[in-house]
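S.K.: In the working numbering, the protein residues as written are 62 to 747.
Glycine included, each C-beta is placed from N, C-alpha and C at the ideal position.
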Amino acid sequence: MTLQWEDKVNHEGVPFQQRPVPAEDGGKDWREILFKGHQPFQLRTVAASDGGPAWTERRFPGQAKEAYIERRVPSQDGGPDWTEKKIGDKPVQKTRTVACPDGGPAWKETVGSSGVSSKSRTVPASDGGNAWRETESKGKLTRQRSVADSGGKGAWSEIHSSTGHHLTRQYTEDGVKWKETINGQNRHRSPAEGVAGMAAAAALKGTDVLSIDGLEIKIHGGASPTQLALLRTALEAMPPGARIYATDISLCENLGETLTPEGEHDAGVGGLAGSTQIVLNSQRLETRAAVQRLLFHEAGHIADNQLGSISQKPPWGGDTSVSRYGSTNSKEDFAETHRVVLADFPRYSSMSASDWAEESECEKKMHIAALYGAQVPSLEQVRQAETPETLEKRTAMEAANAFTEGNEIGRIFPSRDGGPPWREMLADGESTGRTRFVTAKDGGPQWKEFEPLEGRAYKRRELTSDDGGKPWTEWHFAGGQPYKTRMVEASDDGPAWQETQPSGSPAYKERKVLAEDGGPVWTERLNQGSDPYKKREVPAGDAGKPWTEWQYVGHKPFKTRMVDAEDGGSPWKERLNDGAKPFKERTVEAGDGGSAWTERWTEGAKPYKKREVQAEDGGGAWTQWHFAGYKPYNTRMVKAEDGGPSWKEIQSPAGHKFTREVRENGVRWEEVRQDGQLKRTRMPDA
């Protein structure tokens with residue numbers, strides 16, 4: 062028996078049809094909803110096993126969309142209610158809108174399975190440009206916006222974060238997809254697949270493993286015997302403390318090019334570095350000097366990334382460096398100084414104060430030398446050894462480098478637990494505005510590190526393992542908990558794992574593994590207490606940008622990617638669930654000068670956009686919705702004074718009202734409050 066459709070109109074004035082559908086599982090019947098031009102969906106209410114508010118279950122018969130349950134729950138901190146959502150066996154995700162203390166746009170707060178809270182919002186730009194998209198996680202704020210470009214290659218993404226300020230964009234030219242970046246005076250472009258994509262492609266050509274002092278170093282890309290010999294020589298010349306930043310090296314032929322300030326070709330790129338991986342131009346590995354130059358520079362970038370972007374603090378940056386390229390920005394200043402010091406590390410390890418007094422950029426070089434265990438003198442000792450000639454040169458250099466000085470200092474320090482000594486960089490209190498080099502009053506070694514770390518102090522040491530395995534490198538950053546890393550053999554005869562052990566948290570492992578389907582290499586991750594997963598870059602069947610494919614054990618795979626907008630606007634973030642039609646979202650500028658819109662498009666569904674807008678009545682911010690073909694309307698959640706479920710407040714062309722769903726003795730009621738009147742309507746059993 063086919064049940065008849067019933068015509069309805071929702072609270073925004075949009076007509077739809079509904080009909081009851083018997084449940085196959087013996088539970089409550091479904092309500093099937095059909096909006097014109099859309100696929101139907103079904104929903105019902107399901108009791109919660111935790112004694113909390115009931116769930117609303119939603120499914121999509123005949124469609125590839127996954128069913129999910131959703132509910133609204135009170136917060137424990139007195140703030141707005143949370144919306145909890147659960148898809149299949151995946152962990153529950155919570156979201157809510159919270160007001161900003163400074164009176165700015167409200168934040169959208171999200172808490173995932175890890176329990177870590179993150180917030181995002183859109184704020185107007187003070188310079189009249191496009192609005193900023195702000196995200197905040199673990200106390201770090203990142204701001205991003207789209208900036209127009211007249212060159213015809215697409216808009217830039219401007220990014221401000223704790224690691225600095227830069228511009229980046231992606232475009233296709235002569236059949237090649239490029240990612241272009243401007244950081245200070247450094248402008249370059251490289252293939253859009255990035256370091257991870259190039260490394261994955263190189264791994265398909267073969268992997269060699271070099272063992273140096275017990276440390277395994279992987280060389281991907283089918284290196285020749287000559288290249289392997291040159292790489293081994295360069296790696297053996299590195300201090301052991303620096304070698305740990307060069308354990309994953311890939312060889313590729315085309316890494317991109319450096320560009321002039323006007324965007325014209327300058328030179329080919331010799332190397333790139335990510336958070337853990339180095340990619341080198343295989344055509345440049347012809348001599349020992351060439352290999353050292355590239356490897357020592359890129360290892361400096363890895364060290365900088367893993368040590369908390371220390372290049373963003375003085376003395377790095379300024380108008381002078383060890384090379385012209387190092388003067389382009391602080392990151393390259395650090396990497397170039399790293400290259401120069403490692404290329405002559407034995408000499409820098411044995412230099413006296415008078416030797417350092419004659420050395421250009423000596424403060425920066427002393428930082429790198431001390432980082433890897435060199436016994437460098439204090440700046441006071443260097444200044445005492447200066448002659449009038451060296452003093453003149455040093456004065457000019459210090460004026461350019463603009464040292465910011467404080468009472469942050471560093472030294473080699475014995476451990477109190479009987480273990481190996483720490484290499485300790487200690488940030489003790491606020492910056493004083495001066496650098497001072499002091500002798501320890503506690504009888505310990507003299508302090509040797511120079512710049513104020515401003516909350517990025519750290520210490521590290523090598524530890525033997527309790528399980529008889531390979532030794533750990535233990536890291537401890539100021540304000541955080543210590544953690545350990547090491548390489549461990551795989552029990553399945555596959556590639557070795559990089560194991561990380563955070564303090565008080567389960568360890569996890571990561572590695573690169575070949576794909577059974579002959580496709581790109583996977584990055585596999587094993588977690589204790591949560592689902593393992595793997596991800597990889599895969600080509601798109603539509604000749605578009607490659608996808609990042611995600612595969613969680615026990616769940617359906619899905620893919621994500623960034624795609625250019627046909628209208629020349631900001632790019633879309635596209636997601637494709639297994640067997641489903643893709644959907645995509647992006648941030649677009651509002652034509653009325655207000656907050657930017659989040660625009661969403663799904664094939665076969667009506668596109669819409671939404672944004673946060675400030676309330677004129679001093680209440681919580683509104684979420685403004687605008688579906689194609691309809692006038693916009695506003696919604697927000699309002700806490701109920703009677704202690705019941707929160708109200709959904711709606712401002713639309715049809716009027717101003719409040720709605721909520723309540724349950725009494727197992728019966729569901731819809732309450733609508735409008736123009737001082739309260740109306741209750743019994744809802745069908747879900």
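Distance, Cα to Cα, R661 vs K667?
M.R.: Cα-Cα distance, rounded: 9 Å.
S.K.: Going along the chain, which residues of its own chain have a beta-carbon closer than 6 Å to the beta-carbon of Q100, five neighbours each way excluded?
M.R.: Excluding positions up to five away in sequence, the list reads Q124.
S.K.: Please report how far the alpha carbon of R240 lies from the alpha carbon of I94, in whole angstroms.
M.R.: According to the sequence provided, residue 240 is Lys. The question's Arg does not apply to it. C-alpha separation (whole angstroms): 44 Å.
S.K.: Compare the C-alpha of S526 against each of Q562, A551, P556 and name the closest.
M.R.: The residue with the shortest Cα to Cα distance from S526 is Q562.
S.K.: So, is R597 buried or exposed, given that buried needs 16 or more other C-beta atoms within 10 angstroms?
M.R.: Buried.
S.K.: Roughly how many angstroms lie between the CA atoms of P556 and E664, to the nearest whole one?
M.R.: When rounded, the distance between both Cα atoms is 41 Å.
S.K.: Under a three-way DSSP split, which group does M299 fall into?
M.R.: In the structure shown, M299 sits in coil (DSSP, three-state: anything other than H, G, I, E or B).
S.K.: Taking the alpha carbon of S226 as the reference point, which residue from I243, E234, L356 has its own alpha carbon closest?
M.R.: Checking the displayed sequence, the identity of residue 226 turns out to be His instead of Ser. With distances taken between Cα atoms, H226 lies closest to I243.
S.K.: Can you tell me the Cα-Cα spacing of R697 and I130, whole angstroms?
M.R.: Distance between the alpha carbons of R697 and I130: 21 Å.
S.K.: Give me the DSSP bridge partner(s) of P166.
M.R.: Note: P166 sits in no beta bridge, so no partner.
S.K.: Just tell me which of V352, P567, T321 has its CA closest to the CA of T389.
M.R.: The shortest Cα separation from T389 among V352, P567, T321 belongs to T321.
S.K.: To the nearest angstrom, how far is it from the Cα of R108 to the Cα of A115?
M.R.: The identity of residue 108 in the sequence shown is Ala, whereas the question assumes Arg. Approximately 5 Å between the Cα atoms of the pair.
S.K.: Which runs of the beta strand (DSSP E), 3 residues or longer, sit entirely within the stretch 554–579?
M.R.: You should have 558–563, 569–574.
S.K.: Where does R741 land, buried or exposed, given buried means 16+ other C-beta within 10 angstroms?
M.R.: Result: exposed.
S.K.: Is the shortest distance between the beta-carbon of P438 and the beta-carbons of chain C less than 8 Å?
M.R.: Looking for chain C here will not work: only one protein chain is present.
S.K.: Flag this pair as yes or no: are the beta carbons of G332 and L312 separated by less than 8 Å?
M.R.: No. Outside cutoff.
S.K.: Taking the alpha-carbon positions, what's the E393 to G605 distance?
M.R.: Each residue's Cα considered, the two are about 32 Å apart.
S.K.: Can you tell me whether P252 is buried or exposed? The criterion is at least 16 other CB atoms within 10 Å of its CB, across all chains shown.
M.R.: Answer is buried; the Cβ neighbour count reaches 16.
S.K.: Would you tell me roughly how many angstroms separate the C-alpha atoms of E725 and E732, rounded to the nearest one?
M.R.: Looking at the two C-alpha atoms, the distance is approximately 12 Å.
S.K.: By alpha-carbon positions, which one of A446, A216, D405 ends up nearest to K426?
M.R.: It is D405 whose Cα lies nearest to the Cα of K426.
S.K.: Alpha carbon to alpha carbon, what distance is there between V437 and G361?
M.R.: Roughly 19 Å between the two C-alpha positions.
S.K.: The beta strand (DSSP E) that contains I363, what's its start and end?
M.R.: I363 -> not in any beta strand (DSSP E); alpha helix (DSSP H) instead, spanning 349–367.
S.K.: Taking the runs of the beta strand (DSSP E) that are 3 residues or longer, which of them lie wholly in the stretch 86–134?
M.R.: Whole beta strand (DSSP E) segments, 3+ residues: 91–96, 102–107, 116–120, 129–134.
S.K.: Would you report the Cα separation of S372 and L403, rounded to the nearest angstrom?
M.R.: Taking the straight line joining both Cα atoms gives about 17 Å.
S.K.: Three-state secondary structure (DSSP) at K642?
M.R.: If DSSP states are grouped into helix, strand and coil, K642 belongs with coil.
S.K.: Starting from A264, trace the alpha helix (DSSP H) both ways and give me its first and last residue.
M.R.: First-last of the alpha helix (DSSP H) with A264: 255–264.
S.K.: What's the gap between the Cα of Q246 and the Cα of Q154?
M.R.: Each residue's alpha carbon lies about 42 Å from the other.
S.K.: Quick one: what does DSSP say A334 is sitting in, helix, strand or coil?
M.R.: Here A334 sits in strand by DSSP.
S.K.: CB-CB under 6 Å to C423, same chain, minus the five flanking residues each way: which ones, in chain order?
M.R.: Excluding sequence neighbours, C423 sits near W417.
S.K.: Check for me: the alpha helix (DSSP H) holding D416 runs from which residue to which?
M.R.: D416 -> alpha helix (DSSP H) spans 414–418.
S.K.: Given V134, which residues of its chain have a CB within under 7 Å of its CB, disregarding the five upstream and five downstream residues?
M.R.: These residues qualify, in order along the chain: G113, P114, D142, W143, E145.
S.K.: I need the DSSP call for F395, collapsed to helix, strand or coil.
M.R.: Three-state result, F395: helix.
S.K.: Which one of V614, E571, V723 has the shortest CA to CA distance from D150?
M.R.: Nearest C-alpha to D150: V614.
S.K.: Between which residues of its own chain and E677 is the CB-CB distance below 7 Å, once the five residues before and five after are set aside?
M.R.: Closer than 7 Å at Cβ, skipping near neighbours: no residue.
S.K.: Under the rule that 16 or more other beta-carbon atoms within 10 Å means buried, what is R408, buried or exposed?
M.R.: Classification for R408: exposed.
S.K.: Cutting at 6 Å between CB atoms, please list the residues of its own chain near G215, excluding the five before and the five after it.
M.R.: Once the five neighbours on either side are set aside, the close Cβ partners of G215 are R230, Y232.
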